[in-house]
Amino acid sequence: MRSILHHRPVWPKHLSPAPHVPRLSSHIYKPLLSHHAHPFSSSPSTLLSTPPLIYPDAPGSSSEHHDLASYAAYAARTGLDVTSKTYLGTRYEYAVAAALSTLGFTLRRVGGRDDCGIDLIGTWMVPSSSPSSSSTASNPLRVLVQCKASASQSTRIGPQHVRELEGAFAGAPPGWRSSSSSRGSNVVGFLVAQKPATKGVRDALGRSRWPMGYVSCSQDGRLEQMLWNRRAEEEGLEGLGVGVRFCEDGEGRSEQRLVLTWKGKPYMFEPPSTSESV
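Just so we're aligned, residue 0 is where the sequence shown starts under numbering that gives the first Met the number 0, counting upward by one.
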């Protein structure tokens with residue numbers, strides 16, 4: 000399989016991101032959005048071991064499904080309306096979890112009536128937190144994910160959704176709870192939607208005092224965009240970047256895949272031999 004990694008120059012620290020973002024199929028974006036740099040107060044290499052995370056119980060009928068395949072079987076078994084908002088929203092959350100797993104995320108669905116806006120929680124093993132990296136730390140980042148399944152114009156994602164994600168930090172489960180002033184908390188939040196981030200969303204992320212990012216993921220689980228702000232870098236994403244790899248499938252057709260870079264070089268996540276049970 001042949002692959003080519005295209006690079007784009009880094010955004011200068013004193014400038015806003017470009018006013019227009021294409022579909023992000025052929026660029027690398029340095030995830031540096033904030034206009035105001037913050038001094039680093041901690042480093043991933045200095046983090047201490049933390050107690051095992053305790054995941055909250057699955058909402059409602061979620062005990063009967065845990066991924067795309069089991070949810071499809073559950074829907075068929077119970078006669079669930081596959082055009083309903085409940086079905087489409089839940090299916091999208093599982094699609095997002097599966098897509099992000101290819102980049103080192105381990106996520107569990109927790110969305111429900113009292114989810115405080117959080118749909119997925121879990122961990123992200125990035126190079127700076129990997130035992131195989133040059134860092135001495137081995138604690139993965141803790142992640143909060145808020146999914147917006149609808150792709151209609153009436154539910155356009157804007158700065159108000161960034162503010163909604165900010166509020167989710169305080170209402171998160173104990174192991175993921177954080178405050179804007181808690182540098183070194185090792186917690187990052189992501190807003191996920193089907194369309195690329197607008198300039199309003201990027202600017203709101205850049206202004207935010209919370210460690211957050213944005214992911215564009217299609218309904219069928221294809222990752223198309225990923226970016227984050229300076230505060231997220233302070234929590235362990237410094238040195239990490241995002242790019243696109245162009246590959247040829249078995250029939251000679253070109254396909255695009257979102258990949259991570261570590262200190263400017265392609266980084267391929269390798270699942271641990273014993274996967275985390277969530």
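Built from N, CA and C at the ideal position, the CB exists for glycine as well.
Just so we're clear, the structure is a prediction, and the values are computed from it rather than from any experiment.
Under the DSSP definition of a beta bridge, R256 partners with R244. With fewer than 16 neighbouring CB atoms inside 10 Å of its own CB, D56 falls in the exposed class. Shortest Cα-Cα distance from Q218 to any of R201, K194, M211 involves K194. A71 sits in a helix when the DSSP states are folded into three classes. Of the residues assessed, E254 falls on the exposed side of the cut-off, its CB having fewer than 16 other CB atoms within 10 angstroms. In the structure shown, the three-state DSSP call for L222 is strand. Around the Cβ of T77, a 10 Å sphere holds fewer than 16 other Cβ atoms; the residue is exposed.
Straight-line spacing of the CA atoms in V200 and D118 works out to 19 Å.
Taking the Cα of A94 as reference, the smallest distance to any Cα among E233, R141, C146 is reached at C146.
The shortest C-alpha to C-alpha distance from L102 to any of P210, R208, G242 is the one to G242. Distance from the CA of S149 to the CA of G174, rounded to the nearest whole angstrom, comes to 29 Å. By alpha-carbon distance to L140, the top candidate from E247, C246, R244, P51 is P51.
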